[in-house]
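Residue numbers are given in full-length UniProt numbering: position 75 of the sequence shown equals residue 75, and the series is strictly consecutive. Here a beta-carbon is modelled for each residue, glycine too, at the ideal position from N, C-alpha and C. Only a predicted model underlies this, so the values are computations on that prediction, with no experimental measurement involved. Quick notes on the structure that follows.
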Amino acid sequence: MRLQRLSLDRFGHFTDRHFDFGSASDGHDFHIIYGPNETGKTTTMEAVLRLFYGFPLREGYAFKHPRNNLQVSARLDIDGVLRDFTRLPTRSGSLVDATGTPLPEAALSAHLAGLSEEDYRRLLCLDDETIERGGEEIANAEGDIGRLLFSAAAGVADLSTVLDHVRERADALWKKRGRTTRMAELKRALADVEKEIKDRDVTASAWKALKKDLRKAQEAEREARKTRDALNLTKARMEAQRRALPLMGEIRDLEQAIASFASYPDHLDFDPERLIELNRDRGLATQNIARLTEEIANLRENRDAVALDPKRLELSTALAALEDLAARDRTAQLDLDRREDERRAAEASMKQAAWDLGVTSPDVDLQGLVLSGADIASLESAREALREAISQEKIEARETAELKERVIAATEAMQDGAPADEERPQVADILLRFDAETLAPAYAAAQQAIADMKIKARRSLAALSFAGVTFDHLPACPTSRHQATNWAERHQDLLHDLRTTTAKRDEHLEDAEARGAQAKSLARDAKLISDADAEDLRARRDARWAEHLAALDRQTAADFHEAMQGHDIAAEARLAQSRELAQLREIGQAEAQARARAAQTDKRLETLREERTNIEASVSAAAAQVGLPDSITPAEWLDWRRSHEAASEDAQALRDTEETNQSTLQRADALLAELARTLPFPPTDLTGALAAARRQAEDDRKQTDAHTTAEATLRQAQRDLARREERYAKAFKAREDTKKTWRALVHDLLGVALPPERLEASLEPLRALREHENTRAAAGRRITTMQADQKQFTQEIDSLARAHGQEPHATAAKTFAALKTLAEKARSATETGRKLDTAIETAEADLVEHKDRQNAIDQEVATIAMLFPDTTTPGDIGALREAAIRTQKAIDNRAALAKITRQVLAELGTTDIETARAQLAESSVAALEGELDSNRSDLAHAEDELTLAIQNRTAAEYALAEVKGDDTVAELVEQKATLELQLEEAALEHLELSLGHHLASDAIRRYRDSHRSGMLTATEDCFASLTQGAYPTLSTQIDKESEILLAVDGNGVSKRAVEMSKGTRFQLYLALRAAAHEQLVAQGTRLPFFCDDIFETFDEARTSAACRVMEAIGGRGQAIYLTHHRHVVEIAKSVCVTPPVIHEL
């Protein structure tokens, strides 16, 4: 699929912008869209992506046209069939055809090879950011051929970063022998939680006893609180009665005060102070009525005295019609003499202008010398043309002389400059062949890297010093890091176990001693007969019985009786002390168990000490093999082993660095040898040799450039001289032609009255003559007009004066002024009559208003008087006000009575006042005070009882909390379950990341094996073209588990990707992407390929090669390059076999 025509109907800052890409001719489909910065090159590429995949919800290119109005159209060539598509910013039916019919997305997406928008951007849209990240990926991948090929084919410019990030995430979760990983931290946390759960325990019997005590304390607290609350309620009731007794007296007083006002209204609908305002307003209205009646009579008398003449009123209208003529008459009187003077002055000036032109005859027709503006302009154009021709002829003559001098000077300069010696070796070729600009920093970096690694190796070796023992070379370590770690960890664990076991042994011994002391104290205090004493008494009784059986005499009988009695007494005593004996036996058993545990702990201590001694002996033996003192501890041996491992790694890194930079050092030596045969002096080092070589190359270039410049200057001067001589001949002929034209024009317009030479200096006299003629004619016209205006005004004003019985005055102006005075008097009389009529109407309206106000006041007073039953004079406003004041006081008393009644009912908790009176009928303040005093003592005792109950309950709760604790054990169990789940999740995540990294690496290796030959060959050809043969070959090298890409220059020197310059890595990435595009086309996917100004960091040679690569891409499909650099366009035109199609913005 390819674009044949693209239309940005409304997108970005474009409106109806079209690009015609035409049809691909002979397999050449390379286009360049050129325009300055900010003209819409990237916008064009984004428009194509909108056409293919639709508009996003948040559109960044909707800054000119609203998003709802955006539209992109195109005509696509799909397998030779032309189809029109239009993309709209709608939720459904956004893809339509040329007729506006909605199309399914599959109509277009089926031809996009299953690529998403992100895939298309990665694979087929290359910009400066992508190529920058691609160059970094080449360096990050360290030349891994699998990663490079897969990264280019998938369009993933940061593949190495992604894979390394996955590996780092997996190692952060779990790593063998790692102590700071997520799983190691979770394991330690889980062990701590399990230990804490094991340490916490509680007995059931103690917990039950404390629970029982708590229940008793809570019940006692409830009873004490109930008693206290009952006493508080009694106190509140008596205090309410004491407060209600005075209020009942106030209620009686208020009921008596309002009894005589029962017929008065419950509320007033007016403010009593309103009566004062009404009284004041009625008096004022009465005064105004009298005043206005007198004023109207006076105004009518004055109106009758005014006399009006209607005929004189018409005079004002007639005079107004003559105002314009009067003004012109006044202007003529002032301006007529001045206009006469202007006409005479203009005629004199015309004579002076003719004199300036050389016309001195007094009889000459001055108006015949006056030319029109067009004629003067024609003369001016002809005169300017003559002047320009003369000036141009002089300039060409001067330029011709100067060019002849330049030709002579250029000839001498070329003869003086000697060509460069072609047989001398060219230093510039040597520098270019060895890529000195890249080699010099690489050589310096290699030396610096080797020096840094040597310093690091020496420091690592010095870190192995211990207790005064130092090493000149790295000794062989007799143990592995794993063994040293096991020794150190086991030794640390043994020291911890020894401390813990010793503490347990001492605890068991202390417990045994305490049990023995407790048994002795119990036996001493209770005077117990021990089992041994009881056995002795039983044995003595049996012995005496045996003796008595043998002798059967009184003495043996007495001895047996005594022994029998002692035994019986002891048996009775032990029976009475059975509880204490059981406790003594229990203490004895506990003492025996403690001593047995102590003995077992001693055996454990011996085993631990023996194992510790064996580990310390092994460490001492290992340390002796490397010359360290035998006093070293396992932890110190582990630190030394780690330092030894670091020193070994640094030594290997030094060897790797020397091996890695060997090719750079060899190339530097070869360059130094070449320069030694070329330079006039033997160089001491590469830096000095390169500086001298650059100076010599610059001198050779300057000498060659000087000779070439001199030849080019001579040829250019000769060409310029030939052209200038031809232009001089044309200028000379043009001067002669314009001179003839000038003379002919002067003769046609003025005849022989004026010679042409008089006008060559200036045409101002002719212009002045024309201006003076215009002034003279204008003055004459104005004089005639003013005289006609004066005559007409005199006739009109005299006729008007006679019509009104007035005789005309000496001048029309005086007559006009007299008539205007008569008209003004008539107008003044009319205005006075109108003002008096208006005043009469206003006064009559005010009189009516004040009478209405007086009636309204009388009506309002009568309405108020109806509210009071005992008012004898309704019109007396003062009496009404006193009645209103009495009514307001009664209303206030009723409100106070209702308020106090509500207060009493609220205090006593009753619903009516009669019930309240009944409750307080037998009560007095003194009796209530006595009952309150008694209540206070009872309440104080109840508060003390409640406080004691609360203390007992708090103590019981505290005791139970001390045994039971809080939910710590449950929280610990929950933490344990949570930690186990987190361990499971971390293990699953590590497994997922590790397997993903392994599968991705394996896929990259398979991709490398299957595409290495074809894609690597295509990359090699393209890279050789881009570098103009500097790197004709790409090869691979096995490095551990990966295969490294090497670039081989013309001298056979190989170079890794990290050793290349930044620009060369860009070229390599471009070659990889071009090879990936070729592979994509080979798989049958042909889609437009976009590049957005990726040649910015390329010089002209690299740009030329890159343009040819774009041409090759355009041969396989459609290639579109967007740029704001004009030189890229010119280079592409010059280097491409088929010049690209240029579209300018």
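* Asked: CA-CA distance, L1080 and R1086?
  -> 8 Å
* Is F816 helix, strand or coil when you go by DSSP? -> helix
* Let me know if M1015 comes out buried or exposed under the rule of 16 or more other beta-carbons within 10 Å of its beta-carbon. => buried
* Consult DSSP for V626 and reduce its assignment to one of helix, strand or coil. => coil
* Have a look at the DSSP bridge pairing and note the partners of Y1121. => I32, C1091
* To do: Since I believe Q888 is in contact with L268 (beta carbons under 8 Å), could you give me their beta-carbon distance rounded to a whole number of angstroms?
  => 6 Å
* Looking only at C-alpha atoms, which of Q1028, T1019, G1029 sits nearest to S1035? -> It is T1019.
* Contact between the segment 477-485 and the segment 638-655: three or more CB pairs below 8 Å? -> yes
* Supposed close pair E1100, I1131 - CB separation, criterion 8 Å -> 7 Å
* Which stretch, first to last residue, makes up the beta strand (DSSP E) that contains L8? -> 2-11
* By how many angstroms is the C-alpha of E535 removed from the C-alpha of D953? -> Position check: residue 953 holds Arg in this sequence, whereas Asp was assumed. Whole-angstrom Cα-Cα distance: 51 Å.
* **Under 9 Å between C-beta atoms of R701 and A1024** => no
* To do: Would you kindly check if the distance between the Cβ of L1122 and the Cβ of I32 is under 9 Å?
  => Against a cut-off of 9 Å, the Cβ pair of L1122 and I32 comes out as a contact.
* Asked: If you draw a straight line from the C-alpha of N935 to the C-alpha of A236, how long is it?
  -> 10 Å
* Between E831 and the rest of its own chain, which residues show a CB-CB distance below 8 Å, the 5 nearest in sequence each way excluded? -> Once the five neighbours on either side are set aside, E831 has no close Cβ partner at all.
* **Cβ-based neighbour list, L299, same chain, cut-off 8 Å, excluding 5 preceding and 5 following** => L836, A839, I840, A843
* Thinking C-beta only, is H18 closer than 9 Å to R5? -> In this structure, H18 lies closer than 9 Å to R5 by Cβ.
* To do: Please go through the same chain and pick out, in chain order, the residues whose beta-carbon is closer than 6 Å to the beta-carbon of T39, but skip the five residues on each side of it.
  => L1145
* Asked: With C-beta atoms as the reference, is I1044 less than 9 Å away from F1066?
  -> no
* To do: Tell me where the alpha helix (DSSP H) around L88 begins and ends.
  => Unbroken run through L88: none, as it is neither H nor E.
* Which whole runs of the alpha helix (DSSP H) in the segment 388-455 are 4 residues long or more, in chain order? -> Runs of the alpha helix (DSSP H) inside the segment 388-455: 427-433.
* Reduced DSSP secondary structure (H/G/I, E/B, other) of T293 -> helix
* Asked: For Y264 versus R881, is the C-beta spacing smaller than 9 Å?
  -> no
* Asked: Should the segment 429-444 be regarded as contacting the segment 660-680, the criterion being three or more beta carbon pairs within less than 8 Å?
  -> Three or more beta-carbon pairs separated by less than 8 Å link the segment 429-444 to the segment 660-680, which places the two stretches in contact.
* Thinking C-beta only, is C1022 closer than 9 Å to A1112? -> yes
* Asked: How many angstroms separate the CA atom of A812 from the CA atom of A823?
  -> 17 Å
* Could you tell me how far apart the beta carbons of E117 and Y53 are, in whole angstroms, since I believe they sit closer than 8 Å? => Contact between E117 and Y53 is confirmed by a C-beta separation of about 4 Å, below the 8 Å threshold.
* To do: Closer than 6 Å by C-beta to R894: which residues in its own chain qualify, once you throw out the five before and the five after it? Chain order, please.
  => I258
* Asked: Would you report the Cα separation of R83 and D77, rounded to the nearest angstrom?
  -> 7 Å
* Leaving aside the five residues before and after L993 along the sequence, list all residues of the same chain whose C-beta is less than 6 Å from its C-beta, in chain order. => Excluding residues within five positions, the ones whose Cβ falls inside 6 Å are V166, R169, A170.
* Output the boundary residues of the beta strand (DSSP E) element that contains A74. => 71-78
* **Contact set for L278: own chain, Cβ-Cβ below 7 Å, skip 5 residues either direction** => I857, E860, V861, I877
* Quick one: what does DSSP say A1107 is sitting in, helix, strand or coil? -> The sequence shown places Cys at residue 1107, not Ala. The answer is helix: DSSP assigns C1107 an H, G or I state.
* Tell me whether R344 is buried or exposed, calling it buried when 16 or more other Cβ atoms sit within 10 Å of its Cβ. => Residue environment analysis places R344 among the exposed positions, since fewer than 16 neighbouring C-beta atoms fall within 10 angstroms of its C-beta.
* Could you tell me whether the Cβ atoms of E658 and I450 are closer together than 9 Å? => E658 places its beta carbon less than 9 Å from that of I450.
* Just how far apart, CA to CA, sit G100 and A74? -> 13 Å
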